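In the working numbering, the protein residues as written are 3 to 289. No residue lacks a Cβ here, since even glycine has one placed at the ideal position from N, Cα and C. Every value quoted in this text rests on a predicted model; they were computed, and no experiment measured them.
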Ligand code: SF4
């Protein structure tokens, strides 16, 4: 049985700003791993670059810190090399919806069995507060002193239109609810997106804990809401003013990429006996 202490690394305290929304995500993820009884060696977390991308320094699992926006393709590679691992990619909104946008879309349409947690604070925190792909139109930041001109990315709508099979949004100020979403994502066979409202208490003074506490409501509390109805999910994803939904927007069962990939039908590549494989010819071809 896995306990919280098993997931503690030697580095004790994350160096995020006091009150940062990343703390809630870290706790929810650990809670979910304990609830699913997953041992550290059964889990891999791949990250990009950003404040939150340092999360795998403080969770005792396999971890890989990649380049900006590249956490998702590395996670995909890990899953294909060893499908028995429970694989996560974790990163911020700039990382995933800006620099890594192309990887994000392509991994969703492939339906790789993994969970992508996006720490969406609607700002570039690590680089001191520039506008990000999810910053609100009109927002004034050091990089947009006259107000942001562009429309923000809507991650939920983007996921729905990219054939994502588990589309959810959490709030790092509600750890029990976020824990449930992560547990559901682990149990889901296929690509799971969990976009998380993660207040950056230092650089985003608009999208604060108070801002979200006044606005969020849970889709599971909406009578008759059907998570298999993509059109209803698309409509709900457009609610971003006075009332903002969190929870599971959409879920569908579809064959995963791993199930359809011929090369994986022979079994787990990570467990294959390669002692009699001669790679000399392949190496020769690169000379
Ligand atoms: Fe968190 Fe923002 Fe501080 Fe980064 S700058 S650690 S996102 S509060």
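Residue 92 sits in a strand when the DSSP states are folded into three classes.
For residue 181, there is no enclosing beta strand (DSSP E); the enclosing alpha helix (DSSP H) covers residues 177 to 189. Relative to the ligand SF4, residue 125 has its C-beta within less than 8 Å of a heavy atom.
If the five residues before and after residue 77 are omitted, its C-beta is found closer than 6 Å to the C-beta atoms of 48, 89, 91 and 116, all from its own chain and listed in chain order. Put simply, the segment 256 to 264 does not touch the segment 216 to 231. Fewer than three CB pairs are less than 8 Å apart. If you draw a straight line from the Cα of residue 179 to the Cα of residue 173, it is about 8 Å long.
When DSSP states are grouped into helix, strand and coil, residue 125 belongs to the coil group.
Looking at the DSSP output, residue 195 bridges to 118 and 169.
If you draw a straight line from the Cα of residue 128 to the Cα of residue 260, it comes to about 35 Å. Secondary structure of residue 161 (DSSP, three-state): helix.
With respect to residue 143, residue 122 sits apart: the two C-beta atoms are not nearer than 9 Å. Looking at the DSSP output, residue 66 shares a beta bridge with 48. Counting other Cβ atoms within 10 Å of its Cβ, residue 244 stays below 16 and is therefore classed as exposed. Here residue 10 has 62 as same chain residues with Cβ atoms under 7 Å from its own Cβ, once five neighbours each way along the sequence are excluded. Taking every protein chain shown into account, the CB of residue 94 has 16 or more other CB atoms within 10 angstroms, so this residue is buried.
For residue 54, the shortest C-beta to heavy atom distance toward the ligand SF4 is below 8 Å. Under the three-state reduction of DSSP, residue 76 is assigned to helix. Remark: the shortest separation between the CB of residue 113 and any heavy atom of the ligand SF4 does not fall under 8 Å.
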